[in-house]
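Going down the list, the protein sequences come from chains A and B.
First residue of the first sequence? That's 0 in the numbering used here, and the numbers climb one at a time after it.
First residue of the second sequence? That's 0 in the numbering used here, and the numbers climb one at a time after it.
Yeah, the Cβ is synthetic: ideal placement off N, Cα and C, and Gly gets one too.
A quick note: this is a predicted structure, and the numbers were derived from the prediction, not measured.
Protein chains: 2
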Amino acid sequence: MSKSPVTPPLQRRERRVLTDDVADSIREAILSGRIASGARLIEDELAESLKVSRGPIRAAIFRLQQEGLVIHETHRGATVARVSVEDADEIYTLRRALERLAVESACLKATEADLAPLEAILLLFQSVPRSSMTRRRVAELDIDFHDALFRAAHHTRLYRAWEALRSQILVFLLLRDGLPDDYLTSWHRDHSGLVEQLRERDATKAVDAIDAHIQGAYARLREQLLQQSPA
Amino acid sequence: MSKSPVTPPLQRRERRVLTDDVADSIREAILSGRIASGARLIEDELAESLKVSRGPIRAAIFRLQQEGLVIHETHRGATVARVSVEDADEIYTLRRALERLAVESACLKATEADLAPLEAILLLFQSVPRSSMTRRRVAELDIDFHDALFRAAHHTRLYRAWEALRSQILVFLLLRDGLPDDYLTSWHRDHSGLVEQLRERDATKAVDAIDAHIQGAYARLREQLLQQSPA
DNA sequence: CTTCGGTCTACTGTTAACAATCTGGTTCAG
DNA sequence: CTGAACCAGATTGTTAACAGTAGACCGAAG
């Protein structure tokens, strides 16, 4: 009782291990563009630059592969995944299926404590002055919101499927070139509407809302991708 | 243009590496019940019994965790996942979402070459005398059929999500105690109907068919689970 | 100039030893 | 008797050295 005065024991604080730090470092390097799309990830190089042996590097690479950021081929090494328009199609069709189930499940199982984080993100979103909203920050808030939604679904396997997609979605959000003026307001409207419907436990309407949201996001993304590379 | 005379490049035959064999061994041991549900997987023990060092064992355990057969906790080791009624609920709701998308995608993208394996499994199913149909064999044919369906969807990320569920579904199929007399015939009817609708590219009907199929399978499973452990 | 064959190097896959952590029992104060 | 503190064994996390493979390079033959 003397160890933790205020914090309740709840679940044992999960130990962080070297592999976790390594995975975070490499993921951040990929997302920030410091390691380019398509570049090779050479275990020895990473091990030296992170001052760690190859063991944790390998484990981290497998994890990043699981997240879809990296492609690993036997005896040929790992490379940073390239994303194409077809990938966007895969990611958003699968995302749509997952989010529909998440909303449906959340309508049944979410407690008030699960919805609080969603509200918190909405408030945070409003409170931050728009001038200081970097693209990265907006993207992360967006991901955080949906992450909280998947948590609220209380569906372990669904959450893990989402984890396998999350970073890839973030990649797309980060390569948006500019956010339309009305994006921030419509973002807030969409998401707060969704929270309201979750609270009313109206599964049908909530699923329709998330469906429209994802479809809209994909339509905008697709348009931009086609503009950027009109191959 | 001169590179590929007759044989299309196909795909390079992917090299098998120790980790693959180890993962297969452990997976088989779990599915066959040789390693009980809830049992600990001790790296040294496995390493010794498989005559391999701990490296590949660890990699295999991570892979099996990804398949949902094993639960790994930092510094505390891995145990064979226990399955409960709630797990069945998670697995089948997620499976339903994935299979719906798979059918939808397959209606758009499947070629005749993709549908052939489905037909082949149906034929095989009919040609094998029912007396020699073990529970294991039936379960594997079932999984194989759906696996071919996911392949036919030509959707890499969807297929990987399916892979994360596949073995867990097999676990449930294997613990069926007895197959009702009419099961084998209705199985064939359901699946061949689905193939027919895929061939007609009728997405709406095909999705409805798979939906009914999964829901039915889940209903039967749920009934049995509740009977077995009426806790 | 192209193609075939062999060598060489850089890299991944594997191993075994070392370090850190957890678990369960034991002791001892209250 | 209860519970906290500690010790010891077992087990995982990490490291560094060894083994094997894939792809590039290069030179010779057609």
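- Message: Going by beta-carbon coordinates alone, are residue 197 of chain B and residue 107 of chain B separated by less than 8 Å?
- Response: Against a cut-off of 8 Å, the Cβ pair of residue 107 of chain B and residue 197 of chain B comes out as no contact.
- Item | Residues in the segment 138 to 165 of chain B having any Cβ partner in chain A nearer than 8 Å | Of all residues in the segment 138 to 165 of chain B, 154, 155, 156, 157, 159, 160, 163, 164 have a Cβ within less than 8 Å of some Cβ in chain A.
- Residues in the segment 60 to 72 of chain A having any Cβ partner in chain B nearer than 9 Å: Within the segment 60 to 72 of chain A, the qualifying residues are 61, 62, 65, 67, 72.
- Message: Taking 8 Å as the threshold (C-beta atoms), are residue 21 of chain B and residue 55 of chain B in contact?
- Response: Yes, the pair counts as a contact, with Cβ atoms nearer than the cut-off.
- Query: What is the DSSP secondary structure of residue 21 of chain B, counted as helix, strand or coil?
  - Reply: When secondary structure is reduced to three states using DSSP, residue 21 of chain B falls in the helix class.
- Query: DSSP beta-bridge partners for residue 47 of chain B?
  - Reply: Beta-bridge pairing by DSSP links residue 47 of chain B to no other residue.
- Query: Which residues bound the beta strand (DSSP E) around residue 70 of chain B?
  - Reply: Counting along the chain, the unbroken beta strand (DSSP E) around residue 70 of chain B starts and ends at 69 to 72.
- Report the residue from B:42, B:58, B:74 whose alpha carbon sits nearest the alpha carbon of residue 15 of chain A. Selected option, being the one with the closest Cα: B:74.
- Euclidean distance between Cα positions of residue 186 of chain A and residue 60 of chain B: Inter-residue distance for residue 186 of chain A and residue 60 of chain B is about 41 Å (C-alpha atoms, whole angstroms).
- Message: Rounded to the nearest angstrom, what separates residue 30 of chain A and residue 65 of chain A at their Cα positions?
- Response: Rounded to whole angstroms, the separation of the alpha carbons of residue 65 of chain A and residue 30 of chain A is 16 Å.
- Query: Is it true that the CB of residue 220 of chain B sits closer than 8 Å to the CB of residue 171 of chain B?
  - Reply: Contact flag set, yes.
- Please report how far the alpha carbon of residue 211 of chain A lies from the alpha carbon of residue 125 of chain B, in whole angstroms. Separation of residue 211 of chain A and residue 125 of chain B (C-alpha to C-alpha, rounded to the nearest whole angstrom) is 44 Å.
- Query: Does the beta-carbon of residue 226 of chain A have 16 or more other beta-carbons within 10 angstroms, so that it is buried, or is it exposed?
  - Reply: So residue 226 of chain A ends up on the exposed side.
- Should residue 22 of chain A be flagged as near chain B, meaning a C-beta pair shorter than 8 Å? Chain B contact via Cβ: absent.
- Out of A:23, A:191, A:71, A:40, which has the shortest C-alpha to C-alpha gap to residue 13 of chain B? Comparing Cα positions, the closest option is A:71.
- Task: Pick out whichever of A:96, A:93, A:41, A:224 has its Cα sitting closest to the Cα of residue 69 of chain A.
- Result: Out of A:96, A:93, A:41, A:224, the CA that lies nearest to the CA of residue 69 of chain A is found in A:41.
- Element boundaries [alpha helix (DSSP H), containing residue 192 of chain B]: From DSSP, the alpha helix (DSSP H) with residue 192 of chain B extends over 182 to 198.
- Query: For the segment 72 to 90 of chain A, which residues have a CB atom closer than 7 Å to at least one CB atom of chain B, in sequence order?
  - Reply: Cβ contacts with chain B come from 73, 74, 89, 90.
- Message: Going by DSSP in three states, residue 178 of chain B sits in which element: helix, strand or coil?
- Response: Note: residue 178 of chain B maps to coil in three-state DSSP.
- Task: Would you list the residues sitting across from residue 77 of chain A in a DSSP beta bridge?
- Result: Answer is A:40, A:71, bridged to residue 77 of chain A.
- Message: Classify residue 84 of chain A: buried if its beta carbon has 16 or more other beta carbons within 10 angstroms, exposed otherwise.
- Response: Residue burial annotation: residue 84 of chain A is exposed, with fewer than 16 other C-beta atoms found within 10 angstroms of its C-beta.
- Rounded straight-line distance, which links the Cα of residue 25 of chain A to that of residue 33 of chain A: Just so you know, the alpha carbons of residue 33 of chain A and residue 25 of chain A end up roughly 9 Å apart.
- Query: Residue range of the alpha helix (DSSP H) that residue 212 of chain A falls in?
  - Reply: Secondary structure note for residue 212 of chain A: its alpha helix (DSSP H) is the uninterrupted segment 202 to 227.
- Query: Which of helix, strand or coil does DSSP assign to residue 4 of chain B?
  - Reply: Note that residue 4 of chain B scores 36 on pLDDT, short of 50, meaning its location in the model is unreliable; the coordinates nonetheless yield the value given after this. Residue 4 of chain B: coil per DSSP, three-state reduction.
- Please confirm if the segment 36 to 50 of chain A is in contact with the segment 175 to 195 of chain A, defined as three or more CB-CB distances below 8 Å between the two stretches. Taking a cut-off of 8 Å on C-beta distances, the segment 36 to 50 of chain A does not touch the segment 175 to 195 of chain A, as fewer than three cross pairs fall below it.
- Task: Check whether the segment 151 to 165 of chain B touches the segment 159 to 169 of chain A, taking contact to mean three or more Cβ pairs, one atom from each stretch, closer than 8 Å.
- Result: Yes, the segment 151 to 165 of chain B touches the segment 159 to 169 of chain A.
- Task: For chain B, find out if any of its Cβ atoms is closer than 8 Å to the Cβ of residue 170 of chain A; answer yes or no.
- Result: Residue 170 of chain A does not count as touching chain B.
- Which residues, in chain order, does the segment 12 to 44 of chain B contribute to contact with chain A at a C-beta distance below 7 Å? Those residues of the segment 12 to 44 of chain B that come within reach of chain A (Cβ to Cβ, closer than 7 Å) are 13, 14, 16.
- Message: Is there a Cβ of chain B sitting closer than 8 Å to that of residue 175 of chain A, yes or no?
- Response: Interface criterion not met: the Cβ of residue 175 of chain A is under 8 Å from no Cβ in chain B.
- Task: Starting from residue 138 of chain B, trace the alpha helix (DSSP H) both ways and give me its first and last residue.
- Result: Run containing residue 138 of chain B: 134 to 151, per the alpha helix (DSSP H) assignment.
- May I ask you to report which of helix, strand or coil DSSP gives residue 52 of chain A? Residue 52 of chain A falls in the coil class under three-state DSSP.
- Message: Let me check understanding here. Comparing Cα to Cα, which of A:63, A:28, A:62 lies closest to residue 48 of chain A?
- Response: Of the listed residues, the one whose Cα sits closest to residue 48 of chain A is A:28.
- Message: Just verifying my parser: in three-state terms, what is the DSSP assignment at residue 29 of chain A?
- Response: Residue state, collapsed to three classes: helix.
- Contact list for residue 224 of chain A against chain B, beta-carbon separation under 9 Å: Simply none; closest approach about 17 Å.
- Message: For chain B, check one thing: does any of its Cβ atoms lie closer than 8 Å to the Cβ of residue 110 of chain A?
- Response: Taking Cβ atoms only, chain B never reaches closer than 8 Å to residue 110 of chain A, which makes this a no.
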